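A short write-up of the structure that comes next.
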């Protein structure tokens, strides 16, 4: 009994210590903009009474105000941050900072960061109604020792034309589209533009304040690897972005900030502060969309289709849309063309970025739905050389599987796929990527030249059918194929993150991978490994396709299985089918509602459905939104940084 008590005490101590370690050297960085006396029609201002209440709450409830220098020292292990550390940051240098915030912070002796758009001080944007500080005031606060000045760029705090349809996007991350030439800014010219802007901003701030500036605050919180590289060359080693969560201090180039917007009442602000120190993840509600259904060769009809589609999605209000970035007219999943400029496949239409934009400005996340392997290169001979091969009936030939995939063992195939993903990420404002279900290799595959080279290492140089391998050899070959597919996605992720460093990744797996782990032998997919590799795992919970007799029980079993894995529920998206492909008919919306409710009631955190037809209202919007809308059930919509994009000139 004494041992039991001692173990219990040890367990409690360990859990508490673990919770403290979780928050160790993490900081809540708050991002404010204008602090006027009263807020009038400005989503990004906080009135003065509310601001004082927020500071008072933090001050009296165990939060500690730290400086940027404290964070820098903590990153070097020269200092340990308190458990509930808070850094205050203020963007754009509004006059209200000098007149109200600065005196208040001096009273409390609280440090902060003030980010200045150098071009705005002498040339304020015409659309900007709020007054800005002048250079004398900026120099005064900089000299105080409490306020660290950061560059908010010279002239990147604006939108630039980034597609043929006339949409604007962030100047710091978007290659400019030139309508007269019908071309995009080159990668080299983009890099030069970013470098020149940051260099000019840094020099102006040094001249005006007498101090060397070490911090860049990315406009709208958006950046890419090119910007990071150029900032680093200029001596910027602290970089602030926007993401509504706590940030760790081990990487000074990606410090996340929580935007305080919509002038929240103190009760809402308290929830923000508490939530950020408690690791609560947001539930995902997702619709997967065929872009082929929206596309039309006629530009006018295409825009009408897009308007109708966006109207439907906005009514359903999912958190995220998985948007097809390719064309699949034949419906076989073998991709011959895409909807974005690229170096690998023909472009059917420069349309993907347009749809992304129309969803994003309405606060809906967009993941690009992309093939992992099943692209068909224009050069048929090259395509056949690089394709997955199978060993059947004593001979090696092109795989007979329904997906005509390139081999992940072939370096040239990987190069083509990486280029395709790079071009996707450089062109469109995506929040993430969902890998299609074509990322598999069955037990007869792969016997391409590159794969065969690895196969022979296991078989001592022999070319023998997989079925004749001994148990140890089979295990080695199965694990190698699984890992090769995962390694490919890591390369694809790296290509995307270069341009979209805040992107998340989901991989689609068949339900059998979760229900029967031994299916790895004939799919080369592993649920546990996928949980460890990707932000999300999408399970194709398709009752009709799997021909299950008791769908509700089967769906609940999927959730039960996921619960057995560490973070299985937190990272798994259960996607149901809205269409019966065998019977060629839409599944009743009430049935879909029951399926989704069965998943959620069993403990599923993230749910999705596919496909959707905006033309015929399939599934029925009034019913499907009950479970898919983030406003209706079970969570209300929260403000995210997507809202910043609706009115960028006032940020």
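Residue numbers (my numbering): 3 to 653. Glycine included, each C-beta is placed from N, C-alpha and C at the ideal position. Keep in mind that this is a model prediction, so the values were computed, not measured.
Backbone CA spacing between residue 75 and residue 96 [nearest angstrom]:
CA-CA distance, residue 75 to residue 96, rounds to 29 Å.
Measure the C-alpha to C-alpha separation of residue 301 and residue 314 and round it to an integer number of angstroms.
Their backbone Cα atoms lie some 20 Å apart in a straight line.
With DSSP as the reference, label residue 172 as helix, strand or coil.
In this structure, residue 172 counts as strand in the three-state DSSP scheme.
Run of the alpha helix (DSSP H) containing residue 201, from where it starts to where it stops:
189-211 is the span of the alpha helix (DSSP H), which, as asked, contains residue 201.
Count the CB pairs spanning the stretch 124-137 and the stretch 242-258 that are closer than 8 Å, and state whether there are at least three.
Counting C-beta pairs closer than 8 Å gives fewer than three between the stretch 124-137 and the stretch 242-258, which falls short of the contact rule.
Along the chain, where does the alpha helix (DSSP H) that runs through residue 219 open and close?
Residue 219 -> not in any alpha helix (DSSP H); beta strand (DSSP E) instead, spanning 217-219.
Within 8 Å, do at least three Cβ pairs link the stretch 611-630 to the stretch 582-600?
Contact between the stretch 582-600 and the stretch 611-630 is present, because at least three Cβ pairs lie under 8 Å.
Rounding to the nearest angstrom, what Cα-Cα distance links residue 89 and residue 391 in this structure?
The alpha-carbon atoms of residue 89 and residue 391 are separated by roughly 56 Å.
Pairwise C-alpha distance: residue 98 and residue 540:
Those two C-alpha atoms are separated by around 47 Å.
Assess, as a yes-or-no matter, whether the stretch 139-155 is touched by the stretch 206-213 under the definition of 3 or more beta carbon pairs within less than 8 Å.
Three or more pairs of CB atoms, one per stretch, sit closer than 8 Å, so the stretch 206-213 contacts the stretch 139-155.
Using a 10 Å radius around the Cβ and a threshold of 16 neighbouring Cβ atoms, would you call residue 129 buried or exposed?
Around the beta carbon of residue 129, fewer than 16 other beta carbons lie within 10 angstroms, which makes this residue exposed.
Quick one: is residue 62 buried, meaning 16 or more other Cβ sit within 10 Å of its Cβ, or exposed?
Classification for residue 62: exposed.
Opposing strand residues paired with residue 615 [DSSP bridges]
Looking at the DSSP output, residue 615 bridges to 620.
Can you tell me whether DSSP reads residue 404 as helix, strand or coil?
Coil at residue 404, not helix or strand.
How should residue 185 be labelled, buried or exposed, when 16 other C-beta atoms within 10 angstroms of its C-beta is the threshold for buried?
Its Cβ having fewer than 16 others within 10 Å, residue 185 is exposed.
Rounded to whole angstroms, what is the Cα-Cα separation between residue 70 and residue 497?
Approximately 31 Å, taken between the alpha carbons.
Assign residue 434 to one of three DSSP states: helix, strand, or coil.
Note: residue 434 maps to strand in three-state DSSP.
Leaving out the 5 sequence neighbours to the left and right, which residues in its chain are closer than 8 Å to residue 262 when beta-carbon positions are compared?
Within the same chain, residue 262 has close Cβ partners 32, 33, 34, 48, 56, 271 and 274.
Environment of residue 281 [buried if 16+ CB atoms lie within 10 Å]
In this predicted model, residue 281 has a pLDDT of only 48, less than 50, meaning its place in the structure is not dependable enough to derive any value.
Contact belief for residue 193 with residue 228 at Cβ below 8 Å, rounded distance in angstroms:
That belief holds up - the Cβ atoms of residue 193 and residue 228 are roughly 5 Å apart, short of 8 Å.
Beta-carbon separation of residue 420 and residue 494 under 9 Å?
The answer is yes: Cβ separation under 9 Å.
Opening and closing residue of the beta strand (DSSP E) in which residue 322 lies
For residue 322, the uninterrupted beta strand (DSSP E) run begins and ends at 322-326, by DSSP.
Cut-off 7 Å between Cβ atoms - residues of its own chain near residue 553, not counting five sequence neighbours on either side:
Taking C-beta separations shorter than 7 Å and ignoring five residues to either side along the sequence, the partners of residue 553 in its chain run 545 and 597, following chain order.
Identify every residue that forms a DSSP beta bridge with residue 185.
Secondary-structure assignment with DSSP links residue 185 through a beta bridge to 180.
Could you pull the start and end residues of the alpha helix (DSSP H) that residue 71 belongs to?
70-77 is the extent of the alpha helix (DSSP H) around residue 71.
Report the three-state DSSP secondary structure of residue 573 (helix, strand or coil).
Residue state for residue 573 is assigned as helix, using DSSP reduced to three classes.
Based on Cα-Cα distance, which residue from 474, 425 and 181 lies nearest to residue 500?
The residue with the shortest Cα to Cα distance from residue 500 is 425.
Residues that residue 241 bridges to, as DSSP identifies them:
Paired residue(s): 218.
How long is the line joining the alpha carbons of residue 584 and residue 547, rounded to whole angstroms?
Taking the straight line joining both Cα atoms gives about 8 Å.
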